[in-house]
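Under my numbering, the first residue of the sequence shown is numbered 4, with each subsequent residue one higher.
We put the CB at the ideal spot given by N, CA and C, even for glycine.
Take a look at the structure set out below.
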Amino acid sequence: MPQTPSIWTVLSMLEWATEYFEERQVKSPRFSIEWLLADVLDIKRLDLYLSYDRPLSSDELDLLRPMVKRRAAHEPLQYITGETDFHHIKVKVKPGVLIPRQETEQLVELILNEYNQEEPKKVLDVGTGSGCIPVALKKARESWEVYASDISEEALQQAKINAEYNEAEVHFAKDDLFVPKAFSDNRFNIIVSNPPYILNDEKEGLDKEVKEYEPESALFCESTEKMYGALEKLCSEKLQPEGVVYLELHEDHAKEVLDLFLTRNWKAELKEDYSDKLRFLIAKKA
């Protein structure tokens, strides 16, 4: 364990905790303590560098210590602080609900870049999780009518919290992708989904903070064909003529998903994420 400073300042905490996290093989050790310390002090991470000599009060240390302990056990930062940024909104997260990813922000951007505010749309997000997708879409396009479903009651409750927190009107329902019943009388211009797409046998290759803390039901699927086949069927039934489907997917199985849609009479294409990996499918009925 690193040597304990005689006086805890912003700088001494950054240095001590970085070394402490490194010893425990925590991912991004310096970033981790910056995130936690900025949260405790209620400042931006960059502002820490203007406050190096600032002493930490006993109350601040009492708040920070259990957070550092949780991070040392590889718990995700977003669960520790209870929220994360996502496409111009704040999303509250907790264990049991998937943490929004940067790739999913890009999925939202793909949709927003295609449609302007003046085009009223009816949108469905399937497997909404934290509600990050429908809430971000509704905040950016207030004229849109936005719906979202999930099989997890815990996720739906968190999604409703995020909609209320961000003052976004979203219609939520509990639903099973494989036996869909929600919003049965509705047809949508846009259907979007970031489904579980990591195969069960790929679990061991994931970071500890993902496989030990995030909900398996939101991460893993039995097979790509089964998951995206069910999505294709739902989209066929619920999409309006000329409607468009936007899906996030595993880069290693992107072409399998593309072929699935093409063989079922869709016009479809793959898009890369910011890391140049095939990450998204955009499709409309041929």
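What are the boundary residues of the beta strand (DSSP E) that LEU265 is part of?
Here LEU265 belongs to no beta strand (DSSP E); instead the alpha helix (DSSP H) covers 257 to 266.
State the DSSP-derived secondary structure class of THR21, mapped to helix, strand or coil.
helix
Which same chain residues, not among the five before or five after SER220, have their C-beta less than 8 Å away from its C-beta?
ILE154, SER155 and PRO199
Per DSSP, PRO123 forms a beta bridge with which residues?
None, per the DSSP bridge assignment.
Under 7 Å between the Cβ atoms of ILE36 and THR12?
no
Delimiting residues of the beta strand (DSSP E) encompassing ILE114:
Where ILE114 is concerned, there is no enclosing beta strand (DSSP E), although the alpha helix (DSSP H) it sits in stretches over 105 to 115.
Find the nearest neighbour of GLN105 within the set ASN165, PHE89, HIS174 and ASP179, judged by alpha-carbon distance.
PHE89
Taking the beta strand (DSSP E) that ARG282 falls in, what are its first and last residues?
281 to 288
Take VAL300 and list the residues in its own chain whose beta-carbon comes closer than 7 Å to its own, dropping the five residues that flank it on each side.
A question about residue 300 goes unanswered here, because the residues of the chain that appear run from 4 up to 289.
Taking the alpha-carbon of TYR84 as reference, which of TRP38, PRO103, ALA139 and PHE264 has the nearest alpha-carbon?
The question names Tyr, but residue 84 in the sequence shown is Thr. For the residues TRP38, PRO103, ALA139 and PHE264, the minimum Cα distance to THR84 belongs to TRP38.
Reduced DSSP category for LEU202 - H, G, I as helix; E, B as strand; rest coil:
In the three-state scheme derived from DSSP, where H, G and I count as helix and E and B as strand, LEU202 is classed as strand.
Ordered along the chain, which non-local residues of its own chain (more than five positions away) have a Cβ less than 7 Å from that of ARG48?
GLU37, TRP38 and ALA41
Please list, in chain order, all residues of the same chain as GLN290 whose beta carbon is under 8 Å from its beta carbon, the five residues on each side excluded.
No statement about residue 290 is possible, as the shown extent of the chain runs from 4 to 289 and does not include it.
8 Å contact criterion, which CYS238 and ILE194 should meet: CB distance rounded:
Taking a contact as a CB-CB distance under 8 Å, the pair CYS238 and ILE194 counts as one, their CB atoms being some 5 Å apart.
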